[in-house]
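Numbering (our numbering), first residue to last: 8 to 468. Each residue gets a CB set at the ideal place from its N, CA and C atoms; glycine is no exception. In this text the structure is predicted, and so the values were computed from the model without any measurement. For reference, the structure is listed below as structure tokens.
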Amino acid sequence: MYNITLTLDGGSRIPMYEQLYRYFAEEIQSGRLPAGTKLPSKRSLCAHLGVSRSTVENSYAILVAEGYVQAVAKSGFYVADLVPYGAATAAEVASVDRPAPVQPRVNFSTSVVDTSAFPYASWAKLNKEVIYNSPELLQRGDRQGEPALRSALAAFLQEYRGVRCSADQIVVGAGTEYLLELLIQLFDPEAVFALEDPCYAVTWHSVRNSGRRFRFIPVGDTGISIPHLLKSDASVAYITPSHQFPMGVTMPAVQRSQLLHWANSASDRYIIEDDYDCEFRYGAHPIPAMQSMDRNGRVVYIGSFSRGLAPSIRVAYMVLPEVLLERYRALFGHFSSTVSRYEQTVLARFLSEGFYARYLRRMCNLYRQRCARLTQCFRSLDNRICISGDGGGLHFLLTLPDRSEEELYAQATASGIRLHRLSDYAHEFPVRPSTVVLGYGGVPDDALEAAAELLRTAWKL
Numbered sequence: 008m009y010n011i012t013l014t015l016d017g018g019s020r021i022p023m024y025e026q027l028y029r030y031f032a033e034e035i036q037s038g039r040l041p042a043g044t045k046l047p048s049k050r051s052l053c054a055h056l057g058v059s060r061s062t063v064e065n066s067y068a069i070l071v072a073e074g075y076v077q078a079v080a081k082s083g084f085y086v087a088d089l090v091p092y093g094a095a096t097a098a099e100v101a102s103v104d105r106p107a108p109v110q111p112r113v114n115f116s117t118s119v120v121d122t123s124a125f126p127y128a129s130w131a132k133l134n135k136e137v138i139y140n141s142p143e144l145l146q147r148g149d150r151q152g153e154p155a156l157r158s159a160l161a162a163f164l165q166e167y168r169g170v171r172c173s174a175d176q177i178v179v180g181a182g183t184e185y186l187l188e189l190l191i192q193l194f195d196p197e198a199v200f201a202l203e204d205p206c207y208a209v210t211w212h213s214v215r216n217s218g219r220r221f222r223f224i225p226v227g228d229t230g231i232s233i234p235h236l237l238k239s240d241a242s243v244a245y246i247t248p249s250h251q252f253p254m255g256v257t258m259p260a261v262q263r264s265q266l267l268h269w270a271n272s273a274s275d276r277y278i279i280e281d282d283y284d285c286e287f288r289y290g291a292h293p294i295p296a297m298q299s300m301d302r303n304g305r306v307v308y309i310g311s312f313s314r315g316l317a318p319s320i321r322v323a324y325m326v327l328p329e330v331l332l333e334r335y336r337a338l339f340g341h342f343s344s345t346v347s348r349y350e351q352t353v354l355a356r357f358l359s360e361g362f363y364a365r366y367l368r369r370m371c372n373l374y375r376q377r378c379a380r381l382t383q384c385f386r387s388l389d390n391r392i393c394i395s396g397d398g399g400g401l402h403f404l405l406t407l408p409d410r411s412e413e414e415l416y417a418q419a420t421a422s423g424i425r426l427h428r429l430s431d432y433a434h435e436f437p438v439r440p441s442t443v444v445l446g447y448g449g450v451p452d453d454a455l456e457a458a459a460e461l462l463r464t465a466w467k468l
């Protein structure tokens, strides 16, 4: 029997069951808890720590689901046979049969897209033609990105998103994170960034890691709160107005105008518009990008192909106003493009020859039908279930009143279902209780009903 000395913090933002889970996971990873060690029984651990039975049960359930612990019938819980981190040399580790990562039975992750309909034949054909017919692409190319790709992007963004720009204003880079790291450095060192709360973790990590100051601004039913923004000392606002992540709301035109008015009220104010999930709208006509309303060079437009094509196609782009474009060229004009010229050229043709627009239409119909089927499945399980944020994108929010978020998450995880809590993306402001975030990009059409049924069983509906 393993005795522990641990104090759980009931006032922490991290639930107590997760604190307990993290403690055991760290003990097992470090080797301080060797394989075969028997953990305390649920009842004795509840008494020892002075916590509820559900806290221990949820913690143990996650440990079992992730393979740290094995449950032995009528005996108890035992540490699984894992190789402790740092406890063996590389050669020793290579010679050990390590257990394969536990794959979820259902993956509701928001980062997965459906690649079953990817236009492999068209993509391969273009790749072959570009490789065999363009030997000049072996040389260095334009530092901002291939002119052909930037021209195709400018035309596409004008037609489908209303973005007003020239090819010269576009910078191509290997992923949104990379471009954001550069973009942050174009603003005054004293600039304060306004970040949506809740928000995508990469955004605030990038701003924080750059050493810049930032303020969290709550997100309401129509996007970032303008009154809270006006009261802050922020000068740069990072927003996702087309389909806010994770709330899934779309900012209406009136609020966009108010945000532009805020930006135009001082010479050092800017808006960074991340057009996240703009490709997929299901219930209404898409609203043009906020950049299309900008007449004074206050909006930086950022987009990528990670959602529309595939996450592994690490091509992103930003449209810079003239003032920031001059700063970019002064600071980073000597940087080479971080995306292969071959990949850029293939993508340029994929855009200009209409392949991308046709593929987006096909995928939008696929995701629209999948979203409708899956949300109907959940609504039919329990009339208390509330679905929101399902008007576009690849995820929605599911709220089940009278059930705690921690309970919903722990029970799903214990059943091999991967999903996220809404509070995982929150920082300073409270979010809707009893709510989880469900991405459906990675759930096949023929598994939708089964996925909903697994959650029904896990949640005992």
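- Exposed or buried, Gly3, counting other C-beta atoms within 10 Å across all chains shown (16 or more means buried)? Outside the shown range of the chain, which is 8 to 468, sits residue 3, and nothing can be said about it.
- Query: Any idea which residues DSSP pairs Lys534 with across the strands?
  - Reply: Residue 534 is absent from the model: the chain starts at 8 and stops at 468.
- Message: If you reduce the DSSP assignment to three classes, tell me which class Asn390 lands in.
- Response: coil
- Query: Going by alpha carbons, who is nearest to Thr62 out of Pro41, Asp88 and Asp16?
  - Reply: Asp16
- Item | Glu188 versus Phe252 - alpha carbon distance | Roughly 20 Å separates the two Cα atoms.
- Query: CA-CA distance, Leu46 and Gly180?
  - Reply: 49 Å
- Message: Starting from Leu193, trace the beta strand (DSSP E) in both directions and tell me its first and last residue.
- Response: Boundaries for Leu193: no beta strand (DSSP E) harbours it, and the DSSP string shows neither H nor E there.
- Message: Whole angstroms are fine: how far does the CA of Ala296 sit from the CA of Ile246?
- Response: 12 Å
- Task: Whole angstroms is fine: what's the gap from Ile11's alpha carbon to Gln26's?
- Result: About 13 Å.
- Message: Whole angstroms are fine: how far does the CA of Ser264 sit from the CA of Met300?
- Response: 8 Å
- Message: By the DSSP assignment, the alpha helix (DSSP H) with Gln265 in it spans what residues?
- Response: Ala260 to Asn271
- Among Val199, Val307 and Tyr374, which residue has its Cα nearest to the Cα of Asp452? Tyr374
- Buried or exposed: where does Ala161 fall if 16 or more other Cβ atoms within 10 Å of its Cβ makes it buried? buried
- Message: Going by beta-carbon coordinates alone, are Phe357 and Tyr277 separated by less than 8 Å?
- Response: Their beta carbons are not under 8 Å apart, which means Phe357 does not touch Tyr277 by this criterion.
- Bounding residues of the beta strand (DSSP E) (the contiguous stretch that carries His402): His402 to Thr406
- Item | Other residues of its chain near Arg410: CB distance less than 8 Å, five sequence neighbours each side excluded | Ser441 and Trp466
- Is it right to say Arg302 is buried, meaning 16 or more other beta carbons lie within 10 angstroms of its own, or is it exposed? exposed
- Under the rule that 16 or more other beta-carbon atoms within 10 Å means buried, what is Phe342, buried or exposed? exposed
- Query: Curious, which full-length alpha helix (DSSP H) runs of at least 4 residues does the stretch 157-242 contain?
  - Reply: The qualifying runs are 183-191, 208-216 and 233-238.
- Task: Let me know the secondary structure DSSP gives Ser347 once reduced to three states.
- Result: DSSP places Ser347 in coil when its eight states are reduced to three.
- Ile309 versus Ser387 - alpha carbon distance: 38 Å
- Message: Quick check: what's the CA-CA separation for Ala80 versus Leu462?
- Response: 24 Å
- Rounded straight-line distance, which links the Cα of Cys371 to that of Glu286: 8 Å
- Assign Ser141 to one of two classes, buried (16 or more other C-beta atoms within 10 Å of its C-beta) or exposed (fewer than that). exposed
- Message: If you follow the beta strand (DSSP E) that Val326 is in, where does it begin and where does it stop?
- Response: Element bounds for Val326: Ala323 to Val326.
- Message: Could you check whether Leu354 and Val307 sit closer than 8 Å to each other, using their CB atoms as the reference points?
- Response: no
- Message: Using only the alpha-carbon positions, how far apart do Gly93 and Gln36 sit?
- Response: Since pLDDT at Gly93 reaches only 45, below the 50 mark, its modelled position is unreliable, and the value read off the structure follows with that caveat. Their backbone Cα atoms lie some 9 Å apart in a straight line.
- Message: Within 10 Å of its beta-carbon, does Pro437 have 16 or more other beta-carbons around it, so buried, or fewer, so exposed?
- Response: exposed
- Message: If you reduce the DSSP assignment to three classes, tell me which class Thr442 lands in.
- Response: DSSP places Thr442 in strand when its eight states are reduced to three.
- Item | Helix, strand or coil at Ile424 [DSSP, three-state] | Per DSSP, reduced to three states, the secondary structure at Ile424 is strand.
- Item | Tyr30 beta carbon less than 8 Å from that of Leu13 | yes
- Item | Ile69: first and last residue of the uninterrupted alpha helix (DSSP H) it sits in | Arg60 to Ala72
- What did DSSP end up calling Asp453 once you bin it into helix, strand or coil? helix
- Thinking just about the alpha-carbon of each residue, which of Gly398, Ile394, Tyr363 and Leu401 is nearest to the one in Leu407? Ile394
- Take every Cβ of the stretch 197-211, pair it with every Cβ of the stretch 219-231, and state whether three or more of those distances are shorter than 8 Å. yes
- Item | Identity of the residue in Arg39, Arg305 and Ser129 nearest Ser274 by Cα | Among Arg39, Arg305 and Ser129, the Cα nearest to that of Ser274 is on Arg305.
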